[in-house]
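Enquirer: Here it is, the structure, as structure tokens.
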Amino acid sequence: MKEFREGQRAKRQAHVEKQQEENKAFRESLKDMTPEQREAAMKAHRDQQMSENKEFHEMMKAENRAKLEERLAANPNLTEEQKNEIRAKFEAKQKEREEAFKARREQKRSERKK
505 MKEFREGQRA KRQAHVEKQQ EENKAFRESL KDMTPEQREA AMKAHRDQQM
555 SENKEFHEMM KAENRAKLEE RLAANPNLTE EQKNEIRAKF EAKQKEREEA
605 FKARREQKRS ERKK
């Protein structure tokens with residue numbers, strides 16, 4: 505399990521570093537644009553990265569769910585009821601994380617508008 509978590513952490517770090525490099529190159533490309541072009545390009549870039557992030561997080565969530573199912577299937581000591589309870593807790597935690605992320609995103613948007 506430790507190796508799995510370390511792999512997940514490495515994937516997240518690689519994803520962040522990739523986007524940081526893309527952002528650096530993108531900022532360089534903005535220098536020769538008019539303010540209107542720059543604003544449109546920034547919106548398109550932000551939308552693209554949000555889409556990439558959403559896909560990445562869905563992939564990570566699917567991997568986590570698959571690992572959970574693998575571990576539950578390998579544990580003969582748990583009853584189906586216990587396994588279902590663990591699945592429900594997993595889903596609730598995922599939902600909680602999504603809601604927290606949405607709240608942070610909305611807060612950033614409202615701060616940007618000020």
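Residue numbers for the sequence shown follow the working numbering, so the first one is 505 and each next one is one higher. Glycine residues also receive a C-beta, built at the ideal position from the N, C-alpha and C atoms.
With distance defined between alpha-carbon atoms, name the residue in L582, K599, T538 nearest to R569.
Expert: For the residues L582, K599, T538, the minimum Cα distance to R569 belongs to K599.
Enquirer: Please classify K535: does DSSP put it in a helix, a strand, or coil?
Expert: Looking at K535 - three-state DSSP - the assignment turns out to be coil, as it is neither helix nor strand.
Enquirer: When DSSP labels each residue in this structure, what does L576 get in the three-state scheme?
Expert: Of the three classes helix, strand and coil, the one that applies to L576 here is helix, per DSSP.
Enquirer: Report yes if the CB atom of F594 is closer than 8 Å to the CB atom of L572, and no otherwise.
Expert: In contact: F594 and L572 (Cβ atoms closer than 8 Å).
Enquirer: Determine the extent of the alpha helix (DSSP H) in which N581 is found, giving its start and end residues.
Expert: That residue, N581, is in no alpha helix (DSSP H); it is neither H nor E in DSSP.
Enquirer: From Q553 to E510, what distance separates their C-alpha atoms?
Expert: One C-alpha to the other measures close to 24 Å.
Enquirer: Let me know the secondary structure DSSP gives M505 once reduced to three states.
Expert: In this structure, M505 counts as coil in the three-state DSSP scheme.
Enquirer: Contact between the segment 580-589 and the segment 505-519 is defined here as three or more beta-carbon pairs at a separation below 8 Å; is this criterion met?
Expert: As far as the Cβ criterion goes, the segment 580-589 does not touch the segment 505-519, which means the pair count is below three.
Enquirer: Mind reading off the beta-carbon distance from M537 to A548? Whole number of angstroms is fine, and I expect it under 8 Å.
Expert: With 8 Å as the limit, M537 and A548 do not qualify as a contact, their Cβ atoms being about 12 Å apart.
Enquirer: If M564 sits next to Q512, beta carbons under 8 Å apart, how far is it from one beta carbon to the other, in whole angstroms?
Expert: Their Cβ separation, rounded to whole angstroms, is 7 Å, which keeps M564 and Q512 in contact under 8 Å.
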